[in-house]
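Student: In this note's numbering, the protein residues as written are 430 to 557.
Where a beta carbon is used, it is the ideal one built from N, C-alpha and C, also for glycine.
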């Protein structure tokens with residue numbers, strides 16, 4: 430039985446309906462895999478709304494990603510308990526959902542940053 434395309438695939442040879450030959454690496458893209466970490470890091474700095482996160486990704490990390498991708502990740506991070514949101518109805522204009530990081534989100538972010546630091550060391554060695 431084939432797995433969902435959203436499920437990590439440990440054994441690509443189990444499903445013959447995939448577009449990749451057995452044992453071929455599946456390209457997800459390095460930036461998309463790190464985007465949730467960048468978002469958590471931004472939200473750790475201060476509570477922000479989705480549109481501001483989208484702008485900050487461009488300004489701080491030079492990441493120009495589609496807004497729907499950012500909003501989808503925000504919802505998933507909240508579903509997993511890493512972010513919390515509330516509606517801000519103050520001020521003019523439509524209500525905005527403001528995101529804050531949870532304690533679990535901080536722990537996860539710190540863990541992932543340590544892991545990335547180890548990967549960075551390896552990448553630096555490979556590139557030297």
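Whole angstroms is fine: what's the gap from residue 538's alpha carbon to residue 494's?
Tutor: Whole-angstrom Cα-Cα distance: 20 angstroms.
Student: Just how far apart, CA to CA, sit residue 482 and residue 544?
Tutor: Taking the straight line joining both Cα atoms gives about 23 angstroms.
Student: Can you tell me which residues form a DSSP beta bridge with residue 477?
Tutor: In the DSSP output, where bridge partners are listed per residue, residue 477 has 528.
Student: Who are the near neighbours of residue 500 in its chain, counting only those whose CB is closer than 6 angstroms to its CB and skipping five residues on each side?
Tutor: Once the five neighbours on either side are set aside, the close Cβ partners of residue 500 are 479.
Student: Find the nearest neighbour of residue 488 within the set 476, 471, 466, judged by alpha-carbon distance.
Tutor: Selected option, being the one with the closest Cα: 471.
Student: Within the same chain, show all residues whose beta-carbon is closer than 7 angstroms to that of residue 552, passing over the 5 residues directly before and after it, in chain order.
Tutor: Result list for residue 552: empty, nothing under 7 angstroms.
Student: At the level of alpha carbons, what is the spacing between residue 505 and residue 527?
Tutor: Taking the straight line from one Cα to the other gives about 15 angstroms.
Student: According to DSSP, which residues form a beta bridge with residue 513?
Tutor: Per DSSP, 529.
Student: Does the beta-carbon distance from residue 503 to residue 467 come in below 8 angstroms?
Tutor: Their beta carbons are not under 8 angstroms apart, which means residue 503 does not touch residue 467 by this criterion.
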